[in-house]
Each structure stands twice: as structure tokens, then as C-alpha cells.
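Q: Please read through the structure below; I'll follow up with questions.
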Amino acid sequence: MTLMNCLILAFILFGIGVWGLMRRRHLIGMLISIELMLNAANINFISFAYFSAKDSTAGALFSIFVIAVTACEMAIALAIIVSMYRRYHSLDVEQLRDLHD
Amino acid sequence: MFESILLPDLLLLAFPFIVIGSRLFCDFRSAFPWRVANIGFILIFIMLNMIPLASGEGHFFIFNWRLDDFGVLMREVFMVSAILGIWLSKDYFEHGADGKPQMHQIAEYIGAIAFATFGAFTVVSACDLLTFFLGLEIATIPMYALTAWNKKDQMGSEAATKYILMGSVATAFELFGFSYLYGFSGSLFFNDIASAVATNSTSPLLWVSILFLFSGIGFKLTLFPFYTWAPDVYEGAPTPVTAVLSVTSKATAIAFLAVLVFGPLAAVQEQMSPLIALLAATTLLVGNLGALKQTRLRRFMAYSSISQAGYIMIALLGPAEIGKSAIVYYMFIYAVANYLAFFVFGIIGHHREETFASLRGLSKQNPALAIALAIAMFSLAGIPPLAGFFGKFHLFFAGATTGHYFLVAFAVINNVLALFYYIQLIKSAWIDEPEGTLSSLRLNRRQRLIIIMLSIAVVALGFVPFLSNNIFAGFTF
Amino acid sequence: MTNELLFSYLILFLPLLAFVVNGLFLGQKSAKGAAAMGIIGNGIGAISAVLLAVSYLTSNVAPQKAVLFEFSFLPFKAISENLSGNIGFLVDPLSVMMLVVVTFISTLVNIYSVGYMRHDRSAGRFFALLSLFTFSMLGLVVATNLFQMFIFWELVGISSYMLIGFWYHKPSAVSASKQAFILTRFADSFFLMGIVLVSYVVGSFDFSTINALSMAPFYQETINIGIATVSKASALVLGSILIFVGGWGKSAMFPMHIWLPNAMEGPTPVSSIIHSATMVVAGVYLVARLFPFFAICENTLNLIMVVGAFTMVFAAVIACTQKDIKRILAYSTLSQLGYMMFSLGVCKIDSVVAVTGYTASTFHIFTHAFFKCSLFLIAGSVIHVVHTNDLDKMGGLGAKMPWTYWCALISILAISGVPPFSGFFSKDEILLAAFQGQHYIVFALALLTSGLTTFYMFRFFFLIFHGDSRSEHVRGHKIKEDFAMTLPIVVLALPAFLSGFMAKGLFAKFSVPSSLNIPQLVSLPEAKWIPFAAIGMAVVAFCTAWLFYASPKATIPAKMQQTLDETNRCGLYKLIYRKFYFDEMYYIFVRQFIFAGVARVCRFVQDYIIEGIVAFVVWFVHRLGDLVRYAQGGSLPFYLGTLIIGLLLWRFFGQLPL
Amino acid sequence: METVLFNLIWFLPLLAVLVCVPIPSTQIKTIKTIHVATESLILLLVGYLVYSMYTASGTPANSAAAPLLLHYFTDIPWLSMFNAHYIVGADALNILLLFLTAVIVWTGILVSWNIKGNQKVYFALIQLLATSVYGVFMSFDLVLFFVFYEMEALCMYLMIAGYGSGRKDYGGKKLTLTLALGSSMILATLFGFYFEGGIQSWSIVELSKVTLPMDFQMWAFPLLFMGFAVSSSLFPFHFWSPDGHSAAPTAVSMLAAGVMMKMGAYGCLRVAMFLMPEAAKIWLPYVVLLLIFNVVVGPFIAIRHKDLKYITAYSSISHLGLIFLGLAALTPVGLRGATLQMISHGFLTGLFFATIGMIYERTHTRDITQMGGIMRKMPFLGVGFVIAGFAGLGLPGFSGFIAESTIFIGAFSCESTWVRIVTILAILSITTTAVYILQTANRMLHGEMPAKYESLTDGSFREKLVIVILVLCLLFIGIFPTWISEFLDQSIAPIFENISRANITAIGG
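Protein chains in written order, with this note's numbering: chain U, 2 to 102; chain B, 261 to 737; chain D, 7 to 664; chain V, 232 to 740.
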């Protein structure tokens, strides 16, 4: 269990998130992939804090803040998605085509 | 001392609660919260103006809240944007002939704007990554909400969905960048990061983080190719929100970059300059190209603001003082001109749908409005003696100071392209005859006053050296 | 010489005054007032010109040149210290002679025009323009330098343009005026080129400087004249030729001759003063003025001689067949100009220069002015009576207008070179000069042409005045000769008769070698037999004309019919009658080549190639714009993809040190 | 005192506009009166300044301005960030160009007295245009110069778009964008002056003392020169002018052709050649090749055109080509000829467009094949047009001849092969000029008159006044060229001295 492993793990996680984002057509699924990407960042912070950083508290602190912030971000996102659902009665992103050139 | 200069920030922090609380003392359709907001914002603006500008490090509060000259000046930009924003929004909350306003809950709306502004404050006064990140998020999240403010509006919710999904991805990018930066320097504080960068400027960790940071912020600043959300969101969101979005969030983003580039990353600015130059060039080119054949006003403004973002990037190439003062000055000008344009569009939009076609015959129907529109457009196009030209000149000067003549030349040639589509808009207001009868335009006294005021500002702020010289004096004692 | 100064001012500025007053104030009000103004102005001018001439010729200055006044007009000090376009008043025998001629004739023509223009709405404008022309011509005559010469050269051109097109509602007149101006303008562009070149090489516009040149220092230095680098001497030769081209056009020498006959569309007084007596001799005058300079430029004079001689014969031949009486006179003018021109040209005998031709030429300018002007005036009054220019519709006018008849006879005898009429002396001189110059072909041509001249002039004479009248305007009517129109004719008849042997002495005395500084001059022996040869030719020609057109024998009317009707013409006759189809060639060249060719190509380049490139650029930018907007399909996954794409894009193209 | 008056020149029009803002459009009479009064005041002012400068003796007091003989020199710090200063001044050339501008603007306002549309805005725009042009001819600080220089694009488009005729959008857009392209080329090089010059200054006076690095000059000069040349419609960038002029209202055509196109040439001389003499020596021979099109091809295109404004536009193109010939010759006489041509062509083309506008107001067509014989109905306008034509084809007695002959003589005295060849071509093309001018005059004024023009009236007093003023200017220069030549030589001398400091031999020389 070295720093490099953790970083690679985080990067893979990030990659999975991106992949899911690309593949998923379902808004909730996309939100989940975004969560994956954010948590990849968190893992980075933690691992850096654990292995290398001078003040290790900062990293941990940061990741906690990140969790909090993303939580309220997701809350808003869900609210918007709900109001979306009221309009379209489905959560397929492919329907979001009204705004375009 | 510190408290006194912190007063604006604290007041702004408390402000959303005050406004929303003021709803308790009035019925839901009164303009009381709006008045409160006006008084408060203007008060904050005045207090900001009274803060003595101190170059260099500035004043620290506790240890991670800094007020330097750049911060204070950018605060003023944000406040200007907020004030104009609520002025612009006022008409949308008024109850029209059908007794229904276009938008509801003015107090919460203003609260959201205040929150966003406070987030922007936080960004410019941060001196560690955490505060920095928080500021950015506080500035962004209310925007998502504002975009979807009209629950009935399908477009709005679609725009909001696109905005928030892409925004969160961008946040993830930023976080990734932050995490690498933290890993690279081992600390969250800008000073440590700066020293670490200075010592070891070629570490891949650093550069990956820079790449991720630029991608993340590139989304908020609508740089190429991260701008794709902007046209859709600008079009979908309610007009006043679009205006706030196009000014406040852009100002926040460029402030974020300025703080980074001139702060912790100052040592590698030289190595970053190709990236910045490329971002600037591509962005302004794409923005100009996209705006060419638009027919819907807000989408048009979106592309125009994209190209403006490209222009602003040029200032990041310059030395710190010149670059910062150029950014501040340009953001002032950009805010004023942009809001002038949006005021005109708003007045049009109250009576017709916001397209080029509904501008036709404006010069015959309401010459004053047509002139105001022409002033705004020519200013955005950067035609002297309007302020926009001087703003751009500052930016180009900053770029040229470090010898990026060819980027400047490229940007300048692009001005012609920009002029082309701004003229398209002026054309439909000045030449084209309206087909059919368009509903007449009624301006109330406030609108007239604001438009005259903004027009004068756009005309005068340029060649009257007051603003530019004061800003520059702020950076160099 | 203060009086001279006063006279010079009067001569120059009275016509100008007349022009300004008539043009701005008097012209619209009253034609009579305008006429009075013109007559008085030019009359006083004429008187002071004569006085000036007398006091100059009697003064001890003569025949040296004197400059009465001169002030700087447009200095070019930066190029050369004394390179400055001045306006001055030069007096020497030549200019004095021209002054007298111009003022005298213009006065008479003004008087004549009172009658001729009596029923014209815009007579005021006419008198104004006439005075303008007189002023410009005088300025040209007294020019002290090339620059002044060119200024007034253009001014006479423009006033001739406006006078030819005086009746601007007549399309033919308008086009004739345009043609005249543009052709002379074309020549003037070469003139200007010559001025620029010569003034650059010599460093001065001044005639005295240019005429005093000696070629020697110019052989070494070279000059780059754009196309090639040549020695300054050859540059000067080129310059002299270019300058001569100006005179070539103004005096309507051969290829550029066609404007002069067409210019007859203008009112007859105009033809008489501008297109016979004064303006068209400006070319000859230019050559005479620069004679020493031309003399030192090898071959320039020969070119002048060839051009002059050819035009002389060419025009005389055409004149024999024309039926429009004014055109006959026009071609005769051309031929006489040819005389003057070549007699200046023949002076050069390889390196030596004989002065006879110079004298003869100036002398012929003098005499020709009178008789040709009077002939035009006569033609004018005839046309006034008959209301046509066509010889077919004339005849038998001799009895009806006796004054005109006799004056016509005098002038025609003068132009035919019958002693003791004026033409005899000058033409005799010219022939002599040609003979002395050992240019025997030219001499023979000149002799032949004098015969032709006699022939066509008497054809003109007989067909107008003799026989029975073929015009219903005349037949049976009583014709009263207009006094205002007859007076000038009569007055002109005197010099046409006398000026020859009266002025011969003067010319012999004053246009002597000493007045033009040419180093090696020879005076060659007289050839006594030449006059008799000339007279012989004249007599023969006269008889032919008489046989053809006037002899009372029975066969002749038939012959006359034959010669006068269009139908049965042999090819050669038709060719000549159609003026060798030069007008047609000219029109083909201008219409087909210039307008439909060059100009069309130029416009094509502009409208399709250049504008096309502009349009393409705009189109291309718009396509790029479409590309950008195409990306905005509205699909969220694609937008999200752009984030990743951007990340990779700047990873690889951001020039990061990774 | 005079310095204050001088600084008023560009400010007064703005003042007039500000005064007129509160006046309602209904009282258009007062507004017009205010504008005319202002412009007349400026005209008198400039006339007085011309007189006082002509009679002034000795070098001006200000030490910085003395070597350039700049009078009324003013230098005030303006924008501190890139220490741009407010520097104005004038030598003979500037003051004469200012006089030209004053006359053209004044006549322009008179000409467009009864323009259709919102007159209040129109006259305000004209005044703004006037401000910009005055400013350009006064300012000696590059930033200030550029601000004034590009200001006109704004007014131009609005005026053509709002008040023009025909394809006004196309023409206006073409004009504005091409000019904007030009000024962007200028702006692109402008910063180099500040940074490469060594002295961090925008002042033309200061910069003229330093020698800019050669590599910068080599790429900056063509860009800068062409940038300025765009607005004088030098060959590759001349395409805007015919469409622009034909679309523009009369006064705008007058201002554009009469004054604005001179701004470009003035910039070429005052900025490009004056500050980068070394590069000028190298590049100008190639510029000469460009102007073959203007001088030789331009008249031929004019021959083929039927629209009066197109014809006049192409004639301006060819005349401006002569200006560049004079500039490119790089001889004192050539420069003087070029400046003379600027002034003379200003009046001349002003007269051209004024008369065309007046005739168009009556006949409602600009197609010369539709007209004919209207000299009979409107002799005054006809004579005005003919005079403009004669002045255009370089008839002695009018300023055109003075300018052109000076240019020819000056240009031929330049050693360069190409300059000489082009001079010869230019001299030849005076014939072509005569052709299209006479053909136009004949078709339009002479010949048979269509019956529909029986009711036409001659010019009103106002129009006659305009024509008379312009003709007097043409005649005055044409008949008394000595004083103006010597006056101009005063200001040409230091410029030429600075240009000839470059010891690089021109190509082909």
C-alpha cells in the first residue's frame, strides 16, 4: 500500500466516473458517476495527507469539506432533476435537446 | 481596524438572512425586500470604496482571510454586478397586467445573488486552497438554483440540468487539480505552494494539477472547449439570471485564475504562457465564429461573452500589477456594458420574444433605446471612444508587456469579426423595417434612468481617466 | 520700359477681365453688353499690343528677348535651385508678332460674332469664353518657361473644348468637343512627360536656359528613365521629342489630325480664331520657341520635318474632295500647318542649322493667320445666308454678296501664293528653305501641295460664288450682307493682301540668327527660280479648277454634275472623300479597343476577381461559424465529452512541460 | 491663448452635441442652427489659426515641439497605466488639413439640411465624425491618435445604415469592416512602438528621435502602412470605397472621401514613414507597384461605370493613388505634392459629391444614361459639377493641377526605377481621367434632355453657397499656390529630414 497505488486507484475511480458519465443516459446514473469522480479526488487528498504532506490534517479536513459541499450540490441537482421530471416524465438525457443551435 | 475593513464582508454574509427575513414583515408582492437589498448592497459598495488600498500582501484576518487591493477592487466589481442584477430583476417580479409576475420570491432570489457574491468575495480573499474551493462552490451553487428559478419554465430546468451536471464535473476536475497541488506542495497555503513551485517548477504532479485546474475553471470562464454549456444555459435561464451569470460568475472565474496565476503559480507563469495564450486565442476565435449567425439575443450574448472571456485571458500573460489592474478595469467596463445590453434586451423581452427580429424598427420606434443598444454593442466590440475599447487596450497592453505581439495581433484582427456580428445586431435595430406591427415599448422612469446612467458610464468610463488611473494607482503606490 | 510694362498688363489682363465680367455678371444679363465688353477689352489689348510691338522693335533691345515681368508661381527649390514654375511676360520678335496677330484677330472675331450670334440665346457665354480663350492664348504666347507654357496650353485646350461644344444640345458638337479635348490631352500627357524629363535633366523650366544648352556635358552622365539607363544627352533628345508630341497634337499633325475637321461643329467664329489662326499654330509656336533646343537634339528636327511634310500633302489631297466648306478650310489649315511645321524641320543640315526655315515658318504663321481667318469668316457669312455647309447647295453667291466675294478672292489668291498677295512671300520662303535644306523630296512635295492648294481653294471659290445658285434660300431672294459680319472680313482682307511685302522686311530684319543663340549658322544662296516655279504651279492648278468648276463651256455643267453627285465615284476618289477612313479607324480603336477592351477587362478584374475574393473570405468565415454552431447540438453527453476532449487537447497541445 | 483655442477645435463639436441632447427633436431648427453656428465658429477659429501660424515667425516656444515646428503644443498626462498622454499640436500640414476638415464639415452640414430620417441624431453623428477627424489631425500621441482614428468607424456605419440609400447595409458594413480591419492592423503594431522604442512613450515627437529595431520595423511597417492605406483605399483594400460611397448619404460621402480618406494618407506619412524611415526606404518601392492599380486601372474602371457615385469613387481611388506616389517617392517635392494633393482632393471631391448629391435630390437617379441636357435646367449645379470635373482632370487654375504637377515632378526626381515607371504611367493616365470625366459631364449635362426633367429647379441659395465656397477654395490654391507650397515646405522639411536619416538605399535606386 504505497502512495502510488492509492493515486492509481483514485485515477481509475476517476476514469470509471468519466466512463459512466459518457455511457449513462440516466440522469441519476450520471450524478452517481460524478460522485465517483469527486470521491476519487477525496482519495487523493487522504492519501497525500497520509503519505507525503507536511500538515496532514489539512488534507483530511479538505476531504470532509468536499463531502459536505458535494452533498449540497447534489441536493440542488436532485431538486432540479425533480423539476425536470415534472416536465418530461422521464430522466433520459437524450430528451434534453430543446436548447440547441 | 481589521473589523472595520471586514465590515462589508460580514454584512454581505449576513445579508441573505436579512433579506429573506424582511419577507416576514411584508406581503408577498411588496417591493420591500428589494428596497432593503438596494440599500444594503449600495451601503456595502460605499464601504468597500472607503477601504484604503494597500498593495502587496494586504491585510490578513485570522490567517486565511486576506484583503489586498485586487480583492477589494474585485469586490467592487462583484457588488456592481449584484446591484445592477437586482435592478434588472426588479421588473420581472412586478405583477403585470395579468396579475402574474414572470418570476416569484424576490427575497430568496436576492438572497441567492447575495450568496453568490459572497462566494466571489471568498475567492478573492482566500489564501489557502480550502477557502478558495469553498468560495468557488458558494459562488457557483446559487447560480444553479437561479438558473432554474422559474419552475414552470421547461427551458430553464433543462438549462439548469445541463449547467449543474457539467458544473459538478468541472468541480471534480478542480478538486482533482487541488488534490495534486496539495500533494505536490504538501500544504494548502498559497505561500507554501508558491515556494514549492518556485523550488521545483517542472514536477509532473504540479503540471497535471495545473492542467486539471485550468480545465475546471475553463468551464466556469467558458474557455475553449469547455464553453459548450454557456449558449444553452444563457438561453434557457431567465434574462436577469443570464446577466448575473455572464458577469458575476465570469468575474469570479477570472479572479480565481488571477489569484492562482499571480499568486501561488507566479513562478511558472512563464511556462504557462503558451497554454494561456492558446486558450485565449482559441476561445475568442470560437466565440466570435459562433456568434456570427445567431438570431436569438441571449444565445448571441452567450457567444459574445465567450469571446470576451478569451480577451480577458490575455491579461493573465502580463506582469502582476498590470495584469490585475487590466482585469479589474476590464471587468468593470464589461459589467456595465453587458448590463446595458441586457437592460435593453429585457425591455424588449417584456413585450416581445428576445430575437433579432423583434429589434427591428427600434431606431424609428424608440431612438434612445436604439442608441443605447448601439453604444453597448460598439463598446463590447471595442470601438473607441467607448469604454470597451480602453478595456481591451488595457488587456492587450498587459499581453504586449511580455512581448506576446502576435497573440495581440490575432486578438485585434478578431475584433473585426466581432464588429461584424455586433453590427448585425445594430443593423436589425437601425435598418431593418419591422414586418407586421410590433407591440409598443413602454419604459418606466427607473428603466429610463438606469439606461441613461449606464450609457453615460459606458461612454465616459473610457477616455475619462478617472477609473483606470485609480485602479492602477491601487496596484502601484 | 515702363510703358511696355503697362501695355503687357493691359494685353494680358483685359481679356481676363472681360471673361470674368462676362462670365459672372454680364453674360446672363445682356448679350450686347457682353459683346461690347469683349470688343473693348480685346480692342484695347490689340492697340496696346501694336504699341508694344512698335516700342519693342524700335528699342535697342530688339531682336534680343526681354522679360517684362516675372514672378515665381510654383517653386521646386528642393530639386534644383532655379527650378521654379514662373509666370512671366516674354518679349521677342516671335512673341510680339503673335501678340499682334492674336489680339487683332480676336478683336475682329468679337465684332464678327456680334452679327453671327445675334439670334443665339447664350451669346453672353460665348463672348465670355472667347475672351477666356484670348487670355489663355496670350499667356501661352508670352510664356517665359515650359511650365507657364503648359499651364496656358491646357487653358487654351479647355476653352477650345468649351467653344467647340458651345451648342451643347447638339450631340455632334458635344462629341466633337470631347474628341478634340481628349486627343490634345493625350498629346499633352507626353508634353508633360517631356517637361518633367527635361526639367529634371536641365534643372530649369526656363526657355532661355534650355535654349542656351550645349549637349557636350550631357554625354557622360547617365540617367535612369525607368525603362532603361541612358546618357543624359539621349534623355534630352527623348524629352525634346516628347515635348514636340504636345505640339503634334495641338497642331493636329497627321495621326492626331482628325479632331480638327470634326471641331468644325463649333460656331464659325470659333473655327476662325481657334482652329485656324491662333490655337492650332501653338504647336508650331512651341517648336519655334524651343527651336535652338530642338536644333541641338539630333533627328528631332527631321522627325518634325517628316511629320509636317506628310500632313501637308495628306490634308491637301483630302481638301480637294470635301464638300463641307468648313471642312475644306479645316483641311487646308492642316496643310498650311504642315508647311509651317516642316519648314522648321528642314533647317537642320546634318549638324549645321540654316535660319531661313525658321523665318519662313514664323512669317507664314503671320500671313496665314490673316487670310485663313478671313476665309473662315467668309465661310461663316455664307453659311449664315445659305443655312448649310454643303457645296452642293451653294453657287452663284458672287453677285449677291459682292464684298464677301472680293475679299474671298483676295484671301484665296493669298493662300494660293500668287504675288503680290501675302501668302506668296511666306510660301516662297518656305520653299526656299526646303530647297536650301537639301531636302529635295520635301521641296517637291511642297511645290506640288502649293498647286493642290490653289486647286481646292478655287474649287471652293467657284462652287460658292460662281455658276447659278443651287440653294432655295438664295434663289430669287435679295441678300443683305450683315455689316457687323462684313466689316471684319473687309478689314482682314487688307493684311491678307498687304502683310506679305510689308512684313517681309521686318521678318528678314528681326528673326535673324542673333536672336536665337545657335552656334553654327549658315546663310545659303538664294534660288531665284523657285518663285516662278511656284507661280507656274499656281497657274496650272487654277486652270484645272476653272475647267472643272467654272468654265462656261457646254460640257462643263454635266462635268460639274458628275463631280458633284455622290453616285459615280472611282474608288480612289471615294477613299479620299472618306478621308482615308481615319475617323472610322479612330472610332474602332476607341470604342472597340479602349472602351470595350481595356476598360471592360479592368472592370471585370474589379467586379469579379477582387470582389470575388472578398466574398469568398466572408463565405469562408461563415462556414467556420456554421461548424462551431453545429457542435452546439444540445446533446449533454457530447458537452460532457468536450470536457474530457479539452483535457486531452491541452494535455497534448498546451506545451506543458509534462 | 491660441493654444486654448486650438484645443477647443475637437471639443466644440462634442459640446454642440451635448447642448442639443436635451432639446426635443421637434425643434429641429434650433438644433441645426446650433450645429451650423458651432461649425462656422470652428471654421473661423481654424482660419484664424492658419493665418496666425502663417504669419508666426521663429520656432515655437515648447522645446519638445521645436524641432518639428509644432505650434499650440499641449502635453497632459492621460492614462497612467500605459502613460498615454494627451498630446496635441499642429504644424502647417496639420493646420491646413484641419482647415480642409472644417470646410468640408461645414458644407456637409449645409448640404444635408433636409435629410430624411431622425435629423437630431444625424447631425449629432456628423459632429462626432468631425470630432474624430479633427482629433486625428491634431493628436501627436499614438493612443490618442488611434482613439480618434477609429472613432469614425462607429459614426460611419450608423450614418450610412440609418440615412443612406441603395444597398446601405452592404455598403456600410463593407466600409466599416474594411476600415476596422485597417485600424486593427494599426493597433496590432502600435504596442511595438511603446516597448521596442526603448523609451516607454507613445509620443510621436519622442519616438521620432529614436531608431526602432530593424526586425520590428520590417514586419511592423507594412502592417502599419497598409493599415492606414486601407482608409485611403490603396489597391488591395480599395474595394470598400465604391460601395461605401454609393450607399452613403451626401454629407457622409463628402466627409469620407474628402477628409477620412486623407486620414489614412496622413497616418502613413506622420506615423508609418515618419517613425520608421528605415523600413520605409525598403518597403515603399513595393507600395509603388500596388498603386499602379489605383492610378492606371482605376480610371478605366470609372469609364465603364454608369453610376455617378461609382465614377467619383473610382476617380478618388486614382487621385489617392497619386498621393501615395508622392509619398513613395520620398523626395521633399514628392511629399509636398502628396500633402497638396490631400488638401486639394479634399475640396475637389467634396465639391464632386456635393453636386452629385444635389443633382440626385432632383433627378432621383444617379445613372448618367438616364440623364442628359440638365445643364439647361440647373446651370449652376451643372457648372459646379463641370468645375469639379476640370479640377479633377488637373486643369491649371485649380488646385488639382498644382498638386499633380508637383507630384509628377517630385516623384520623377526620385532615383528608384519603379517610382519613375509608375510616374510615367501616372502622367499617361491623365488622359483616361479626362475621358471619364468628360464622358460623364457630356452624358449628364449635355445632349438631349428627357422630358421628365422639365420641372427641375436650380440650386437653392444654401446649395449655391456650398458650391461657391468649395470652388473658391479650389481656385485659391490653384491661382496662388506659392504661399501654400512654401507653408507646407515648413512642415515637410523636418519630416523629410527625419526620413532621410535612414541611410539604406532604396531598392532599384
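For each residue, glycine too, the CB sits at the ideal point set by N, CA and C.
Should the region 479–491 of chain D be regarded as contacting the region 438–454 of chain D, the criterion being three or more beta carbon pairs within less than 8 angstroms?
A: With a cut-off of 8 angstroms, the region 438–454 of chain D and the region 479–491 of chain D do not count as touching, because too few Cβ pairs lie within range.
Q: Tell me whether the beta-carbon of Phe372(D) lies closer than 8 angstroms to the beta-carbon of Met103(D).
A: Position 366 of the third sequence, counted from the first residue, corresponds to residue 372(D). Position 97 of the third sequence, counted from the first residue, corresponds to residue 103(D). Result yes, Cβ atoms of Phe372(D) and Met103(D) sit closer than 8 angstroms.
Q: So Ile335(V) packs on Phe354(V), CB below 8 angstroms; how close in whole Å?
A: Counted from its first residue, the fourth sequence places residue 335(V) at position 104. Counted from its first residue, the fourth sequence places residue 354(V) at position 123. Incorrect: roughly 15 angstroms between the Cβ atoms, too far for contact.
Q: Determine whether the Cβ of Thr561(D) lies closer than 8 angstroms to any Cβ atom of chain V.
A: The count along the third sequence starts at 1 and reaches residue 561(D) at position 555. Low confidence applies here, because Thr561(D) scores a pLDDT of 49, under 50, leaving its location unreliable; read the following figure in that light. Not closer than 8 angstroms to any Cβ of chain V, the Cβ of Thr561(D) fails to qualify, so no.
Q: Quick one, which residues of the region 481–503 of chain B are near chain D if we go by CB-CB under 9 angstroms, in chain order?
A: For the region 481–503 of chain B, which is checked against every Cβ of chain D, the residues closer than 9 angstroms are Leu483, Phe484, Pro485, Phe486, Tyr487, Thr488, Trp489, Pro491, Asp492.
Q: Nearest chain U C-beta to Ser417(B) closer than 8 angstroms, yes or no?
A: By 1-based counting over the second sequence, the position of residue 417(B) is 157. True, the Cβ-Cβ gap to chain U drops below 8 angstroms.
Q: If I measure Cβ to Cβ from Leu32(D) and keep anything under 7 angstroms in the same chain, skipping five residues before and after, which residues do I get?
A: Here residue 32(D) refers to the residue found at position 26 of the third sequence. Excluding residues within five positions, the ones whose Cβ falls inside 7 angstroms are Gly39, Ala40, Met43, Gly130.
Q: Using only CA atoms, which one of Met318(D), Phe82(D), Ala502(D) lies nearest to Ala450(D)?
A: Position 444 of the third sequence, counted from the first residue, corresponds to residue 450(D). That would be Met318(D), whose Cα lies nearest to the Cα of Ala450(D).
Q: Are any of the Cβ atoms in chain A nearer than 8 angstroms to that of Arg88(U)?
A: Given the protein chain composition of this structure (U, B, D and V), no chain A is represented.
Q: Please confirm whether Ser462(V) has its beta-carbon closer than 8 angstroms to some beta-carbon of chain D.
A: In the fourth sequence, residue 462(V) corresponds to position 231, counting from 1. Judged by the 8 angstroms Cβ criterion, Ser462(V) is not in contact with chain D.
Q: Measuring only the C-alpha atoms, how far is His370(D) from Asp474(V)?
A: Taking the third sequence and counting its residues from 1, one reaches residue 370(D) at position 364. Taking the fourth sequence and counting its residues from 1, one reaches residue 474(V) at position 243. Answer to the nearest angstrom: the Cα atoms are 56 angstroms apart.
Q: With a 10 Å radius around its C-beta and 16 neighbouring C-beta atoms as the bar for buried, classify Gln554(B) as buried or exposed.
A: Your numbering for residue 554(B) matches position 294 in the second sequence. Burial call: buried.
Q: With 16 as the cutoff for other CB atoms within 10 Å, does Asn43(U) come out buried or exposed?
A: Taking the first residue of the first sequence as 1, we reach residue 43(U) at position 42. With 16 or more Cβ atoms within 10 Å of its Cβ, Asn43(U) is classed as buried.
Q: Is any beta-carbon of chain U found at less than 8 angstroms from that of Gly631(D)?
A: Locating residue 631(D) in the third sequence gives position 625, counting from the first residue. Chain U, which has no Cβ nearer than 8 angstroms to the Cβ of Gly631(D), makes this no.
Q: Going straight from the alpha carbon of Gly557(V) to that of Ile318(V), what length do you get?
A: Counting from one through the fourth sequence, the residue named residue 557(V) turns up at place 326. Counting from one through the fourth sequence, the residue named residue 318(V) turns up at place 87. Going from the Cα of Gly557(V) to the Cα of Ile318(V) covers about 28 angstroms.
Q: Any idea if Ile384(D) is buried or exposed, counting beta-carbon neighbours within 10 angstroms, 16 or more meaning buried?
A: Start at 1 with the first residue of the third sequence, and residue 384(D) comes out as number 378. Buried, since its Cβ has 16 or more Cβ neighbours within 10 Å.
Q: What three-state label does DSSP hand Val424(D) in the structure shown?
A: Reading the third sequence from its first residue, position 418 is the one you call residue 424(D). Residue state, collapsed to three classes: coil.
Q: List the whole-angstrom C-beta distance separating Ser464(V) from Ile548(V), where the pair is believed to meet the contact cut-off of C-beta under 8 angstroms.
A: Residue numbering aside, residue 464(V) sits at position 233 when the fourth sequence is read from its first letter. Residue numbering aside, residue 548(V) sits at position 317 when the fourth sequence is read from its first letter. So it is a contact: roughly 5 angstroms between Cβ atoms.
Q: Taking Cβ-Cβ distances shorter than 8 angstroms, what residues in chain U pair up with Gly652(D)?
A: Counting from one through the third sequence, the residue named residue 652(D) turns up at place 646. Simply none; closest approach about 13 angstroms.
Q: Are the C-beta atoms of Leu100(U) and some chain D residue less than 8 angstroms apart?
A: Taking the first residue of the first sequence as 1, we reach residue 100(U) at position 99. Taking Cβ atoms only, chain D reaches closer than 8 angstroms to Leu100(U), which makes this a yes.
Q: Three Cβ pairs or more, each shorter than 8 angstroms: is that satisfied between the region 203–223 of chain D and the region 83–90 of chain D?
A: With the cut-off at 8 angstroms, the region 203–223 of chain D and the region 83–90 of chain D touch.
Q: Leaving out five residues on either side along the sequence, give the residues of the same chain with a beta carbon under 6 angstroms from the beta carbon of Ala333(V).
A: Looking up residue 333(V) in the fourth sequence gives position 102. So the list reads Ile273, Leu274, Val277, once near-sequence residues are dropped.
Q: Measure the Cβ-Cβ separation of Gly397(V) and Gly348(V) and say whether it is below 8 angstroms.
A: Within the fourth sequence, the letter at position 166 stands for residue 397(V). Within the fourth sequence, the letter at position 117 stands for residue 348(V). Not in contact: Gly397(V) and Gly348(V) (Cβ atoms no closer than 8 angstroms).
Q: Between Phe513(D) and the rest of its own chain, which residues show a CB-CB distance below 6 angstroms, the 5 nearest in sequence each way excluded?
A: Walking along the third sequence from the start, residue 513(D) turns up at place 507. Excluding positions up to five away in sequence, the list reads Thr365, Phe369.
Q: Report the residue ranges of all alpha helix (DSSP H) runs contained in full by the region 627–661 of chain D; include only those spanning at least 4 residues, in chain order.
A: For the region 627–661 of chain D, whole alpha helix (DSSP H) runs of length 4 or above, ordered along the chain, are 642–659.
Q: List the residues of chain D whose Cβ lies closer than 9 angstroms to the Cβ of Val19(U), in chain order.
A: Translated into the one-based positions of the first sequence, residue 19(U) becomes position 18. Under the 9 angstroms cutoff, chain D gives Leu646, Leu649, Ile650.
Q: Enumerate, from N- to C-terminal direction, the unbroken beta strand (DSSP E) stretches of 3 or more residues contained entirely within the region 367–417 of chain D.
A: With a minimum length of 3 residues, no continuous beta strand (DSSP E) run stays inside the region 367–417 of chain D.
Q: Have a look at Leu390(B), Leu640(B), Thr697(B) and flag the residue whose alpha-carbon is nearest the alpha-carbon of Ser567(B).
A: Counted from its first residue, the second sequence places residue 567(B) at position 307. The option with the nearest alpha carbon to Ser567(B) is Leu640(B).
Q: Starting from Gly94(D), trace the beta strand (DSSP E) both ways and give me its first and last residue.
A: Translated into the one-based positions of the third sequence, residue 94(D) becomes position 88. First-last of the beta strand (DSSP E) with Gly94(D): 90–97.
Q: Tell me where the beta strand (DSSP E) around Phe77(D) begins and ends.
A: Walking along the third sequence from the start, residue 77(D) turns up at place 71. 72–81 is the extent of the beta strand (DSSP E) around Phe77(D).
Q: Look up Lys484(D) in the DSSP assignment and say whether it is helix, strand or coil.
A: The residue given as residue 484(D) occupies position 478 in the third sequence. Note: Lys484(D) maps to coil in three-state DSSP.
Q: Find the nearest neighbour of Ser385(B) within the set Val332(B), Val493(B), Leu284(B), judged by alpha-carbon distance.
A: Here residue 385(B) refers to the residue found at position 125 of the second sequence. That would be Val332(B), whose Cα lies nearest to the Cα of Ser385(B).
Q: Taking only three categories from DSSP, how would you classify Ala479(V)?
A: As a working mapping, residue 479(V) is identified with position 248 in the fourth sequence. If DSSP states are grouped into helix, strand and coil, Ala479(V) belongs with coil.
Q: Cβ closer than 9 angstroms: which chain D residues qualify as neighbours of Glu646(V)?
A: Counted from its first residue, the fourth sequence places residue 646(V) at position 415. Neighbours of Glu646(V) on chain D, chain order: Asn230.
Q: Just the chain D side, please: which residues come within less than 8 angstroms of Ala430(B) by C-beta, in chain order?
A: Here the question's residue 430(B) lines up with position 170 in the second sequence. What Ala430(B) touches in chain D: Leu649.
Q: Determine whether the Cβ of Ala420(B) lies closer than 8 angstroms to any Cβ atom of chain U.
A: Position 160 of the second sequence, counting from 1, holds the residue named residue 420(B). By this cut-off, Ala420(B) is an interface position.
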